[in-house]
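What follows is a short report on a single structure.
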Amino acid sequence: MNKKTFILILYTLLSMLPAAARDGYALVLNCYLESVQWKGNIEDAVTRHLTMDKGMTVHTEHIKALDIKTREQQRQKIDSLLREYPDRPQVVVYIGVAAWGLFAEGIEEKW
161 MNKKTFILIL YTLLSMLPAA ARDGYALVLN CYLESVQWKG NIEDAVTRHL TMDKGMTVHT
221 EHIKALDIKT REQQRQKIDS LLREYPDRPQ VVVYIGVAAW GLFAEGIEEK W
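Residues 161 to 271 (my numbering) make up the sequence shown, in order.
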C-alpha cells in the first residue's frame, strides 16, 4: 500500500468517526417521567447551553427508571451505556433524582 492510499484511508476513517469520539462530548441521562411536562425544558436548556455556549456534541439517553427494579437490571443498563459510549464523556448530566441515584456511582467508577 502506498503512502497516498494509506493517508486517504486514514482520513476517510477519521471523518467517519462521530465528533464526540474526536472532540469529546456530553452525555445527558434523563430519567424524568414522560408525564412530567417540564422535563423537556430542562433537557432543552442543558443541550442548548452545551452545544451553543460550549460547542460540545451532546448525546441524550431517555431512561425509564421505573423499569429498573433490581440491582441486576441497574448493572445491565450501566453496562449497556458503557458499551454504547466507550469513550469517557467530558461531562455527564443527570436529570432527575433517579438518574443520579441509579447511575452516578456505577458510571463514575468505570469512567
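Heads up, the beta-carbon is just placed ideally off N, CA and C, and yes, glycines get one too.
| Query | Result |
| --- | --- |
| Over the uninterrupted alpha helix (DSSP H) stretch that includes L241, give me the two end residues. | R231 to E244 |
| Report the CB separation of L187 from I223 in whole angstroms; it is logged as a contact under 8 Å. | Between I223 and L187 the Cβ distance is about 12 Å, and since that is not below 8 Å, they are no contact. |
| Mapping DSSP to helix, strand and coil, what is I223? | coil |
| At a cut of 8 Å, does the segment 258 to 266 reach the segment 220 to 240 through at least three beta carbon pairs? | yes |
| With a CB to CB cut of under 7 Å and the five nearest residues on each side skipped, what residues in its chain are close to V252? | L187, L189 and I267 |
| Looking only at DSSP bridge pairs, what is N190 linked to? | H222 and I255 |
| Looking at C-alpha atoms only, which residue of W271, K270, F263 and Y185 is the closest neighbour of R231? | F263 |
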